[in-house]
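Participant: Just dropping this structure here.
The following block contains the structure:
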């Protein structure tokens, strides 16, 4: 009875230690994320404020405008304000959730971002699922059979595609499957998200969007999946010499069971972290692909804003892209702590 009584408080104290250990860890990561976000705001503001292009002259291009009118427009847009005052206004509006007003589209940046967020999530979400599934499967098979013909082909193909510039690969696929080369006919739409001449609802619209999604999604998958192949292959090779795998084989488990039940779960830790970190980068990396295929997402919106340049819109999309990267990095740190006991013990 006394031993049971003594064990109760000890167990409670142990639980309290674990909880108090996680909260400081989470707090430190949140502080680091906030600091990173503030530094990102400063960098983004400075970069876009120092752009050499004159947005006022671009906005009035093709219209007879006097110097006095140009000066008045600059005052209206706040371009004549001191840079420190513009920075404080920018930070204050960001903290209030206000991303400004687009000069080019004449509407709030928040509404523009909300309208374009769905297409970007559709493209990047589909590409992420496919690239993760393909990359992890190839990485597991290649690592388990490292040195084999399958491993050499998979590793060489993935590294080659990883080194190819995204915009160049997109142009090659666009010319091959949309324009048609030689005997290859035009098979897929060249750009956009849907055909305006077709119904914008029902299964016809779903199939139409899916056809428009194929090429931009394929471009992203071919570039991204190689990273998962490389990391997963290396992790599997590192785990193959571990003593616990020898013990599992000594118990009579088949090679497939040893790989699936023991090697893969432990080798997944680095890949899971990279997946979370890469999800944020995928959203910010949509600019090139969406520009090539005129996909109406945040990336193409940023590309359109660069033409002016539309500073409020550029700063707004920059904030969204940066926040996605920071949030995913934070989630990666939290998830990794739950998955890896060694991190919890620190």
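Residue numbers (the working numbering): 580 to 925.
Just so you know, even glycine gets a beta-carbon here, dropped at the ideal spot from N, CA and C.
What you are looking at is a predicted structure, and each value in this text was computed from that prediction instead of being measured.
Could you check what DSSP says for residue 850 in three-state terms: helix, strand or coil?
Facilitator: Three-state DSSP puts residue 850 in a helix.
Participant: State the Cα-Cα distance for the pair residue 615 and residue 905, rounded to the nearest angstrom.
Facilitator: Each residue's Cα considered, the two are about 7 Å apart.
Participant: For the putative contact between residue 705 and residue 792, defined by C-beta atoms under 8 Å, what is the C-beta separation to the nearest angstrom?
Facilitator: So it is a contact: roughly 7 Å between Cβ atoms.
Participant: Put residue 873 into one of helix, strand or coil per three-state DSSP.
Facilitator: Three-state result, residue 873: coil.
Participant: Taking all protein chains shown into account, do 16 or more other C-beta atoms lie within 10 angstroms of the C-beta of residue 768, making it buried, or fewer, making it exposed?
Facilitator: The residue is buried, with at least 16 neighbouring Cβ atoms inside 10 Å.
Participant: Taking only three categories from DSSP, how would you classify residue 687?
Facilitator: It is a strand residue.
Participant: Select from 836, 812 and 624 the residue whose C-alpha is nearest the C-alpha of residue 730.
Facilitator: It is 812.
Participant: Return the bridge partner residues of residue 680 from the DSSP annotation.
Facilitator: Residue 680 is bridged to 687.
Participant: Residue 770 by DSSP, collapsed to three states: which one?
Facilitator: Coil, per DSSP.
Participant: Can you give me the C-alpha to C-alpha distance between residue 880 and residue 681, rounded to a whole angstrom?
Facilitator: Taking the straight line joining both Cα atoms gives about 11 Å.
Participant: Could you tell me the alpha carbon to alpha carbon distance between residue 628 and residue 890, rounded to whole angstroms?
Facilitator: Approximately 8 Å between the Cα atoms of the pair.
Participant: Expressed to the nearest angstrom, what Euclidean distance is found between the alpha-carbon atoms of residue 836 and residue 857?
Facilitator: Spanning the two alpha carbons is a distance of roughly 30 Å.
Participant: Quick one: what does DSSP say residue 664 is sitting in, helix, strand or coil?
Facilitator: Of the three classes helix, strand and coil, the one that applies to residue 664 here is helix, per DSSP.
Participant: Please look up how many angstroms separate the CB atoms of residue 788 and residue 799, rounded, as I've assumed it's under 8 Å.
Facilitator: With a Cβ gap of about 16 Å, residue 788 and residue 799 do not count as contacting.
Participant: Quick check: what's the CA-CA separation for residue 732 versus residue 872?
Facilitator: Taking the straight line joining both Cα atoms gives about 30 Å.
Participant: Out of 869, 847 and 656, state which residue places its alpha-carbon closest to the alpha-carbon of residue 914.
Facilitator: Among 869, 847 and 656, the Cα nearest to that of residue 914 is on 847.
Participant: Ordered along the chain, which non-local residues of its own chain (more than five positions away) have a Cβ less than 6 Å from that of residue 909?
Facilitator: The residues are 608 and 612.
Participant: Find the nearest neighbour of residue 868 within the set 754, 623 and 746, judged by alpha-carbon distance.
Facilitator: Comparing Cα positions, the closest option is 746.
Participant: At the level of alpha carbons, what is the spacing between residue 758 and residue 751?
Facilitator: Cα to Cα, the separation comes out at about 10 Å.
Participant: Of all the options 693, 898 and 888, which has the alpha carbon lying nearest to the alpha carbon of residue 658?
Facilitator: Of 693, 898 and 888, the residue nearest in Cα terms is 888.
Participant: Could you name the residues of the same chain whose beta carbon sits closer than 7 Å to that of residue 912, not counting the 5 residues immediately before and after it, in chain order?
Facilitator: Excluding sequence neighbours, residue 912 sits near 608.
Participant: State buried or exposed for residue 646, treating a residue as buried only when at least 16 other CB atoms are found within 10 Å of its CB.
Facilitator: Exposed, because fewer than 16 other Cβ atoms sit within 10 Å of the Cβ of residue 646.
Participant: Taking its Cβ as the centre, do 16 or more other Cβ atoms sit within 10 Å of residue 894, making it buried, or is it exposed?
Facilitator: Counting Cβ neighbours within 10 Å, residue 894 comes out buried, since at least 16 surround it.
Participant: Where does residue 664 land, buried or exposed, given buried means 16+ other C-beta within 10 angstroms?
Facilitator: Exposed: under 16 other Cβ atoms inside 10 Å.
Participant: Check this for me: beta carbons of residue 870 and residue 882, under 7 Å apart or not?
Facilitator: Contact: yes.
Participant: Assign residue 822 to buried or exposed, taking buried as 16 or more other Cβ atoms, counted over all protein chains shown, within 10 Å of its Cβ.
Facilitator: Residue 822 should be labelled exposed.
Participant: Check for me: the alpha helix (DSSP H) holding residue 624 runs from which residue to which?
Facilitator: Segment 581 to 628, the alpha helix (DSSP H) holding residue 624.
Participant: Taking the continuous alpha helix (DSSP H) assigned at residue 654, which residues delimit it?
Facilitator: Element bounds for residue 654: 646 to 656.
Participant: In whole angstroms, what is the alpha-carbon distance linking residue 725 and residue 603?
Facilitator: Spanning the two alpha carbons is a distance of roughly 41 Å.
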